[in-house]
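J.:
Numbering (the working numbering), first residue to last: 294 to 614.
(1) Taking the continuous beta strand (DSSP E) assigned at residue 353, which residues delimit it?
(2) Between which two residues does the alpha helix (DSSP H) carrying residue 568 extend?
(3) Give me the Cα-Cα distance between residue 335 and residue 610, rounded to the nearest whole angstrom.
(4) To which residues of the same chain is residue 369 closer than 6 Å at the C-beta, ignoring the five residues directly before and after it?
(5) Which of the three DSSP states, helix, strand or coil, is assigned to residue 607?
(6) What are the complete beta strand (DSSP E) segments, minimum 3 residues, inside the segment 492–519?
(7) Would a C-beta distance cut-off of 9 Å place residue 390 and residue 421 closer than the cut-off?
(8) Less than 9 Å between the C-beta atoms of residue 451 and residue 463, yes or no?
(9) In terms of DSSP beta bridges, what is residue 357 paired with?
(10) As a quick exercise: from 589, 341, 309 and 560, pick the residue whose alpha carbon is nearest that of residue 400.
(11) Taking the alpha-carbon positions, what's the residue 517 to residue 441 distance?
(12) Which residues mark the beginning and the end of the beta strand (DSSP E) in which residue 294 is found?
(13) Report the start-end ranges of each alpha helix (DSSP H) in the segment 380–466 that is 4 residues or longer and not cut off at the edges.
(14) Within 10 Å of its beta-carbon, does residue 531 have 16 or more other beta-carbons around it, so buried, or fewer, so exposed?
(15) Are residue 300 and residue 331 closer than 9 Å when you measure CB to CB?
(16) Smallest Cα separation from residue 430: which of 317, 550, 515 and 567?
(17) Residue range of the beta strand (DSSP E) that residue 317 falls in?
(18) Residues in its own chain within less than 6 Å of residue 448 by CB, not counting five upstream and five downstream?
(19) Can you pull the DSSP bridge partners for residue 478?
(20) Please confirm whether residue 477 and residue 533 have their CB atoms less than 9 Å apart.
(21) Going by DSSP, what residue range makes up the beta strand (DSSP E) through residue 596?
(22) Leaving out five residues on either side along the sequence, give the residues of the same chain with a beta carbon under 6 Å from the beta carbon of residue 308.
(23) DSSP beta-bridge partners for residue 371?
(24) Mind checking who residue 337 pairs with in its DSSP beta bridge?
(25) Taking 9 Å as the cut-off, decide whether the C-beta atoms of residue 396 and residue 437 are in contact.
(26) Out of 557, 529, 347 and 358, which has the shortest C-alpha to C-alpha gap to residue 425?
(27) What does DSSP give as the partner residues of residue 304 in its beta bridges?
(28) Starting from the Cα of residue 608, find the closest Cα among 385, 371 and 333 and give me that residue.
(29) Would the beta-carbon of residue 594 fall within 9 Å of that of residue 544?
(30) With burial defined as no fewer than 16 other Cβ atoms inside 10 Å of the residue's Cβ, what is the status of residue 413: buried or exposed?
Now the structure itself:
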């Protein structure tokens with residue numbers, strides 16, 4: 294059996310698969326920050342499921358993987374594949390950047406789990422490079438590059454590239470965010486905390502207000518803003534519209550950087566919520582690339598809203614490696 298993991302800054306998802314990585318037997322999600330290490334999460338999972346007897350593990354980690362180690366980007370974890378193999382008596386532990394696992398999960402997602410937002414066909418490496426972008430705890434970006442030997446993943450840390458405003462309003466947002474964070478990357482804005490920051494900007498700098506009392510809202514910042522926007526509250530709706538424009542623009546940027554003729558996938562629950570509220574705004578920004586507008590209009594953009602596809606991708610990767 295295969296122990297598959299998708300270990301992100303907010304959630305640590307673990308699942309048990311059959312040896313062919315085709316059937317998910319059981320799964321559990323834990324709050325990442327409640328554990329001191331990846332080993333502690335795995336130990337909890339195995340203790341809670343004593344019938345599980347995985348022989349190999351495949352873990353997607355939110356951070357750059359170098360050799361058999363990964364230093365998590367948004368957690369105080371150093372994940373060591375060899376140490377985990379010794380501790381849990383796995384014959385092998387494969388570490389992958391979480392975006393690589395997510396990218397393969399999106400590529401293999403069932404048609405009913407995908408929504409086509411732009412173009413006339415789903416993104417596919419059969420037609421060229423595919424880019425995958427995930428807005429969640431951070432902003433993840435990855436490319437899948439087809440070759441004669443198969444699909445080659447190219448993880449990146451593109452979410453940490455500098456944010457570049459496109460107009461006066463976005464420049465004002467940049468100045469506001471610089472007062473809070475100093476340097477402002479794409480990830481500072483295009484993540485859950487970033488949506489909360491945009492809401493603050495809309496309220497404090499643009500003077501818009503919301504109608505719903507705070508006591509009735511979720512504690513989580515991005516869920517709170519999304520809930521307000523769904524109720525058509527003015528400040529939140531403006532914040533989500535601003536977020537959608539920036540996200541659409543970055544999706545188009547990533548498509549151009551990788552010349553992603555195969556298409557682009559947007560993944561994650563936050564992206565799905567933004568699309569449900571401001572799809573047109575996102576698509577307008579995605580295609581607004583001047584002379585390259587026709588290229589973007591012909592580049593498929595798909596949405597995979599399921600938050601657990603990284604587990605499928607991680608299990609698939611250990612079979613392929």
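Even for Gly, the Cβ is constructed at its ideal location relative to N, Cα and C.
T.: Inspection of the coordinates gives the following:
(1) Here the beta strand (DSSP E) through residue 353 covers 349–354.
(2) DSSP places residue 568 inside the alpha helix (DSSP H), whose first and last residues are 562–580.
(3) Near 19 Å, if we compare the C-alpha coordinates of residue 610 and residue 335.
(4) Within the same chain, no residue comes within 6 Å of residue 369 by CB-CB distance, once the 5 residues on both sides are set aside.
(5) Correct three-state label for residue 607: helix.
(6) DSSP assignment within the segment 492–519 yields no whole beta strand (DSSP E) run of 3 residues or more.
(7) No, the pair does not count as a contact, with Cβ atoms beyond the cut-off.
(8) The answer is no: Cβ separation not under 9 Å.
(9) Note: residue 357 sits in no beta bridge, so no partner.
(10) Comparing alpha carbon positions, the residue from 589, 341, 309 and 560 closest to residue 400 is 560.
(11) Approximately 47 Å, taken between the alpha carbons.
(12) No beta strand (DSSP E) contains residue 294, which DSSP labels as neither H nor E.
(13) Within the segment 380–466, the runs of alpha helix (DSSP H) at least 4 residues long that lie entirely inside it are, in chain order, 391–400.
(14) With 16 or more other CB atoms across the displayed protein chains lying within 10 angstroms of its CB, residue 531 is buried.
(15) Yes, these two residues count as a Cβ contact at 9 Å.
(16) That would be 515, whose Cα lies nearest to the Cα of residue 430.
(17) Its beta strand (DSSP E) spans residues 317–324.
(18) Counting only Cβ-Cβ distances below 6 Å, and skipping sequence neighbours, we find 390, 392, 393 and 435.
(19) Partner(s): 455.
(20) In this structure, the beta-carbon distance from residue 477 to residue 533 does not fall below 9 Å.
(21) The continuous beta strand (DSSP E) containing residue 596 extends over residues 594–597.
(22) For residue 308, the CB contacts under 6 Å within the same chain, skipping 5 residues up- and downstream, are 297, 317, 320 and 604 in chain order.
(23) 364.
(24) Among the bridge pairs identified by DSSP, residue 337 is matched with none.
(25) It is a contact, given that the beta carbons lie within the stated cut-off.
(26) Looking at the Cα atoms, 557 is the closest of the given residues.
(27) BP columns for residue 304 point to 324.
(28) Cα-wise, what sits closest to residue 608 is 385.
(29) Yes, they are a contact pair.
(30) Exposed: under 16 other Cβ atoms inside 10 Å.
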